[in-house]
Amino acid sequence: MNCNCIISEDKDLCDECYQKIDFLEQNYCNLCGCIITSNANLCGKCIADPPPFSMLRSAFAYNADSKNMIISLKFFDNTNYVNTYAQWMYEKNRDIFVGVDSIIPVPLHRLRLFQRKYNQAALLAKAVSYLSNVSCQLFAVKRSLNTHAQTGLSTKQREANVKRAFVVTDSDVVRDKILLLIDDVVTTGATVKYCAQALKNCGAVEVRVLTLARTTAR
Numbered sequence: 001m002n003c004n005c006i007i008s009e010d011k012d013l014c015d016e017c018y019q020k021i022d023f024l025e026q027n028y029c030n031l032c033g034c035i036i037t038s039n040a041n042l043c044g045k046c047i048a049d050p051p052p053f054s055m056l057r058s059a060f061a062y063n064a065d066s067k068n069m070i071i072s073l074k075f076f077d078n079t080n081y082v083n084t085y086a087q088w089m090y091e092k093n094r095d096i097f098v099g100v101d102s103i104i105p106v107p108l109h110r111l112r113l114f115q116r117k118y119n120q121a122a123l124l125a126k127a128v129s130y131l132s133n134v135s136c137q138l139f140a141v142k143r144s145l146n147t148h149a150q151t152g153l154s155t156k157q158r159e160a161n162v163k164r165a166f167v168v169t170d171s172d173v174v175r176d177k178i179l180l181l182i183d184d185v186v187t188t189g190a191t192v193k194y195c196a197q198a199l200k201n202c203g204a205v206e207v208r209v210l211t212l213a214r215t216t217a218r
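Here you go:
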């Protein structure tokens with residue numbers, strides 16, 4: 001999965017690579033999920049400017065040891081391990097599913113979907129839906145703007161890039177519901193912030209976010 005060494009058929013990762021994965025179990029902000037070193041429940045950023053989602057959780061840290069897994073899933077058609085990734089997301093964050101009405105993936109614009117042939121967030125959402133027995137609404141939100149790739153952009157540029165990118169297509173699926181938004185990786189949080197805001201604007205009671213990986217620096 002990660003280093004391309006030969007392993008037995010019943011494994012997705014060699015023992016060395018598995019030991020390197022930083023599964024997130026440290027003290028984290030109750031809202032945005034970033035790691036905090038104090039005993040506080042919220043980070044300074046969320047106290048000053050609360051996000052539109054009520055919690056954000058991730059399975060592991062996005063760093064040099066896990067980067068290849070995300071890139072190969074996102075850009076190189078390596079979807080063989082989606083079920084394993086989904087299991088990590090579910091098993092390590094079961095509390096986030098309590099009371100959730102529907103799971104919704106962060107959408108790709110139709111042109112980018114045509115180029116990639118699949119939406120990795122949708123694949124993860126379907127697999128997580130199966131494990132949690134929570135319905136998955138694949139088309140409740142669409143990406144109406146074909147935004148630039150977020151890679152390489154500053155925080156302000158990322159925010160401006162996706163601020164008006166998301167549109168709810170089925171308000172009945174969203175209104176008065178507790179929703180779980182799924183994505184592969186979160187860095188600055190701009191994408192999930194504005195996708196969650198679109199859902200809240202259409203009447204969602206609460207939006208939670210679950211990703212496979214996240215950067216840990218703020």
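Using UniProt numbering, you'd call the opening residue of the sequence shown number 1 and step up by one each time.
Glycine is no exception: its CB is placed at the ideal position from the N, C-alpha and C atoms.
CB contact flag (residue 35, residue 66, <7 angstroms)
no
Residues that DSSP places opposite residue 102 in a beta bridge
179
When you compare the stretch 122 to 136 with the stretch 190 to 208, are there three or more beta-carbon pairs, one atom per stretch, that lie closer than 8 angstroms?
The answer is no - the stretch 190 to 208 does not touch the stretch 122 to 136, with fewer than three Cβ pairs under 8 angstroms.
Going by C-alpha to C-alpha distance, which of 119, 215, 38 and 64 sits closest to residue 76?
119 is the residue among 119, 215, 38 and 64 whose C-alpha sits nearest the C-alpha of residue 76.
Tell me the rounded alpha-carbon separation between residue 101 and residue 186.
23 angstroms
Sequence-distant residues of its chain with Cβ nearer than 7 angstroms to residue 174 (five each side left out)
The answer, listed in chain order, is 140, 168, 199, 202, 203 and 204.
Excluding the five sequence neighbours on either side, which residues of its own chain have a C-beta within less than 7 angstroms of the C-beta of residue 87, listed in chain order?
131
Segments assigned alpha helix (DSSP H), at least 4 residues, entirely inside the stretch 37 to 76
44 to 48 and 67 to 75
List the whole-angstrom C-beta distance separating residue 42 from residue 27, where the pair is believed to meet the contact cut-off of C-beta under 8 angstroms.
At roughly 11 angstroms, the Cβ-Cβ gap does not stay under 8 angstroms, so residue 42 and residue 27 are not in contact.
Measuring alpha carbon to alpha carbon, tell me which of 110, 32, 64 and 171 ends up nearest residue 96.
32
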